[in-house]
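Residues in the sequence shown are numbered consecutively from 2, following the numbering used here. Let me begin by presenting the structure, written as structure tokens, before commenting on it.
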Amino acid sequence: MARKKHKDQHKEQRDALTLVFVGHVDHGKSTILGRLLAETNSLHDGVLERVRQTCDGKNIPFEYAYLLDALQEEQDQGITIDITTLRFATAKRDYTIIDAPGHKQFLKNMVSGASRADAAVLVIDAEEGVREQTMKHAYLLHLLGIPAVNVAVNKMDLVNYDAERFKELEHAITSYLSKLGINLLRCIPVSGKEGANITARSAKLAWFSGPTLLAAIDELPSPTPLTTRPLRIPVQDIYKFDEHRVVAGRVEAGTLRAGDAVIFLPSGEQTIVRRLLAWPHAPVASARAGEPVTLELADEFLLRRGEVIVHPGQEPSISTTLTATLFWMGRDDLVQGKEYTLKLATEAVTCRIAAIHSITDSTTLERDVKRSVVKKHEVARVTIKANHPFCFDSFKDSPTTGRFVIVDDGIVAGGGIIERGAQELQSRPFVVTKAGLAPKRHLVTREERAKRYGHEGMVLWVTGLPGSGKGEIARRLERLLFDKKKNAYYLDAATVRLSLSSDLDFSEEARHEQARRVAEVANTLLHAGLIVIVNIVSPYRADREAARSLIGSRQFTEIFIDTPPERCMKRDPHGAYTRKGTVLPGRDFTYEKGTKALHVPIPPKPDYDVLAETILRNLGLD
2 MARKKHKDQH KEQRDALTLV FVGHVDHGKS TILGRLLAET NSLHDGVLER
52 VRQTCDGKNI PFEYAYLLDA LQEEQDQGIT IDITTLRFAT AKRDYTIIDA
102 PGHKQFLKNM VSGASRADAA VLVIDAEEGV REQTMKHAYL LHLLGIPAVN
152 VAVNKMDLVN YDAERFKELE HAITSYLSKL GINLLRCIPV SGKEGANITA
202 RSAKLAWFSG PTLLAAIDEL PSPTPLTTRP LRIPVQDIYK FDEHRVVAGR
252 VEAGTLRAGD AVIFLPSGEQ TIVRRLLAWP HAPVASARAG EPVTLELADE
302 FLLRRGEVIV HPGQEPSIST TLTATLFWMG RDDLVQGKEY TLKLATEAVT
352 CRIAAIHSIT DSTTLERDVK RSVVKKHEVA RVTIKANHPF CFDSFKDSPT
402 TGRFVIVDDG IVAGGGIIER GAQELQSRPF VVTKAGLAPK RHLVTREERA
452 KRYGHEGMVL WVTGLPGSGK GEIARRLERL LFDKKKNAYY LDAATVRLSL
502 SSDLDFSEEA RHEQARRVAE VANTLLHAGL IVIVNIVSPY RADREAARSL
552 IGSRQFTEIF IDTPPERCMK RDPHGAYTRK GTVLPGRDFT YEKGTKALHV
602 PIPPKPDYDV LAETILRNLG LD
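Right, dumping it as structure tokens:
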């Protein structure tokens, strides 16, 4: 029955459109939206009456904007500070409306709001006219590729519904938007306060022959359904249940069906979708854009958060380099060459700004091609270089995987849309597994092994810079655990380098593959019931998270041996830092520290036996 219900919901889905309202602070967006909700009967029962009673109790005039006040602070400051998501419906379709804040200090919230929109309504105060912030918001709509815009000239009551004032503003905003290439569909005079031309025509605007605001919204073109675009499912998480794993994500574009062949990118692993799960319901036949989904696959292989599931023949770009238009909102300037974190869907990569091609003032639209520093509220066309390849699309091909944010010191500092990727760097062919080929289950269970050995299998992933002393600690961990009657095994990445990975060099791509192979070996030993102590540099956070996903969070512990780079170079037990031609983390590129690791600071004169004992005590293995 659950499956049938799921399929019926697909059939009954109405046309839908997501609309963002933007404009200068106090130009009346919230008042207009309050009117729209009230006059389309979209408020919950009693809300309107309660707000009126509250106003009476405080002895203040009722305003429709109060219907949107999700936070008390909004009324205290008199500005909208939280992105409010609203829903209402007309006979034509369903709407999701985003009321984005207009105040400069909250502009970053508007980026996340407007980036989800199919169309926009730009609100202008008839008395104040087109202000600096109005132009910034209009440019932001252009930056985010919002394809269709209506303009609502609000507060016409303050200018006595003057037709000439409306025409003056209509000309000014039409001229500005045309320079941006924005398609202005309608410019509509309204009064949110008096309700003129919001959902019904008004005699005070008899000179205007166009539609009401609500009718103009209904005229907005429907977006191309995301369900018809190429499949894109960014992997959010991997869950392990007994002998199998399931992959969870949200369908950002396209449609996925049980039995489909899929590719995980950028790893290139290919398999068949055995089942689609939609907990708490029974398995479903399909999942489409906008729906969460959990996949059970025909094959098991190394997966990590951030991979993207696609259909064969519909692959996105896979590269370390892209060109984008970026709107900067950071407290500090955007600087060429500085490292940032780029977040796209579920992926997060360390990156730097390789080139700044031009900088545009979002108010004057003046363009500068000489500067190499981008200031707050400026727009730049940039080339971004990531530390390792990841998946993306151009914004015009796939909006959901064609936009990103830049994080600086843990804070979202910019948002952008992707123009194109550089020449794809993924030269090796996809690794194709045999669909339907599955390992035979053991006749000895994990529980039986744990009972015999007196402990469960686990992986201690000891990582750090070359020369940090991680090998000294890892070998002592094996000795201490063995002396405590535990089945422990020391797995040195160097041993794997000389055997399974003898075909690999020390390039970035090869380092990713080395970490993958070591994780697979460790996982096999884990299934044998051993406590595996891995000694490996693994400088990329994504590789360590991939190992965690493969092995399972409960059985995996990352241990970061934190020795300052200068001390590692001085110690240099294997001569790595003096060997010609070597490229080493901590010296030549950044070691990406993890957020989930057991942090072990190493003193200038370390006692490795004491450090190993302390680690085991912290892990409850003493």
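The beta carbon of each residue, even a glycine, is placed where N, CA and C say it ideally should be.
Burial state of residue i, where buried means 16 or more other Cβ atoms lie within 10 Å
i, result
"Ala254", "buried"
"Val533", "buried"
"Ser503", "exposed"
"Ile61", "exposed"
"Ile560", "buried"
"Asn619", "exposed"
"Leu18", "buried"
"Trp329", "buried"
"His138", "buried"
"Pro390", "buried"
"Pro605", "exposed"
"Asp506", "exposed"
"Lys156", "buried"
"Pro430", "Its pLDDT being 37, under 50, Pro430 is placed unreliably by the model, and nothing is read from it."
"Ser210", "exposed"
"Thr86", "exposed"
"Asp608", "exposed"
"Leu20", "buried"
"Thr81", "Because the pLDDT at Thr81 is just 47, under 50, the model does not fix this residue reliably, and the point stays unresolved."
"Leu478", "buried"
"Trp462", "buried"
"Arg453", "exposed"
"Asn42", "exposed"
"Gln10", "Any reading at Gln10 needs caution, since the residue's pLDDT is 45, under 50, leaving its predicted position unreliable; the model's value is listed next. It is exposed - the Cβ of Gln10 has fewer than 16 other Cβ atoms within 10 Å."
Identity of the residues DSSP links to residue i by a beta bridge
i, result
"His335", "Reading off the sequence, residue 335 comes out as Leu, not His. Per DSSP, Val375."
"Leu599", "Ile560"
"His358", "Per DSSP, none; premise fails for His358."
"Asp369", "Ile360"
"Arg404", "Ile418"
"Ile385", "Leu323, Ile354"
"Cys392", "Ile319"
"Asp409", "Ile412"
"Asp506", "Answer is none; Asp506 lacks a bridge partner."
"Lys344", "Ala349, Val406"
CB contact flag (residue i, residue j, <8 Å)
i, j, result
"Arg353", "Glu340", "yes"
"Ile264", "Glu316", "yes"
"Gly29", "Gly196", "no"
"Ile183", "Val152", "no"
"Leu185", "His143", "no"
"Leu622", "Ile474", "no"
"Thr324", "Gly417", "no"
"Leu466", "Pro586", "yes"
"Arg545", "Gly595", "yes"
"Tyr578", "Arg588", "yes"
"Ala39", "Tyr65", "yes"
"Leu206", "Pro190", "yes"
"Val252", "Val294", "yes"
"Leu159", "Ala127", "yes"
"Phe393", "Thr402", "yes"
"Glu308", "Leu345", "no"
"Ala290", "Thr351", "no"
Option nearest residue i by Cα separation, candidates the options
i, options, result
"Leu257", "Pro267, Arg275, Glu270", "Arg275"
"Tyr490", "His358, Arg132, Glu297, Ala529", "Ala529"
"Ala414", "Lys397, Phe396, Lys376", "Lys376"
"Gly468", "Asp563, Ser500, Ile357, Leu232", "Asp563"
"Asp362", "Asp46, Val584, Ala381", "Ala381"
"Val248", "Arg230, Pro222, Leu277", "Leu277"
"Val584", "Pro540, Asp608, Pro604", "Pro540"
"Gln556", "Gln271, Ala451, Val370, Ser359", "Ala451"
"Asp261", "Leu296, Gln237, Asp238", "Leu296"
"Arg246", "Asn161, Gly291, Glu301, Ile98", "Glu301"
"Ile603", "Gly472, Gln237, Gln54, Thr55", "Gly472"
"Phe520", "Ile189, Leu501, Ser508", "One point to set straight first is that residue 520 is Ala, not Phe, in the sequence displayed. Ranking the options by Cα distance to Ala520, first place goes to Leu501."
"Gly386", "Gly458, His600, Ile407, Thr401", "The displayed chain sequence assigns Lys, not Gly, to residue 386. Considering only alpha carbons, the answer is Ile407."
"Ile419", "Val131, Leu145, Leu531", "Leu145"
"Thr175", "Ile125, Thr97, His358, Pro565", "Ile125"
"Ala132", "Arg306, Val154, Glu292, Ala548", "Correcting the residue type first, residue 132 is Arg in the shown sequence and not Ala. Minimum Cα distance to Arg132 is reached at Val154."
The ligand GTP heavy atom lying under 7 Å from the CB of residue i
i, result
"Val52", "The ligand GTP is not part of the structure shown, which contains no ligands of any sort."
- Every unbroken beta strand (DSSP E) within the stretch 113 to 177, with a cutoff of 3 residues, ordered by chain: 120 to 126, 150 to 155, all fully within the stretch 113 to 177.
- Message: List, from N- to C-terminal side, the beta strand (DSSP E) runs of 3 residues or more that fit wholly inside the stretch 180 to 229.
- Response: 185 to 190
- Which runs of the beta strand (DSSP E) fall wholly inside the stretch 521 to 560 and span at least 3 residues, in chain order? List check, beta strand (DSSP E) in window: 532 to 536.
- Message: Could you tell me which whole beta strand (DSSP E) segments of length 3 or greater appear in the stretch 435 to 491?
- Response: 459 to 465
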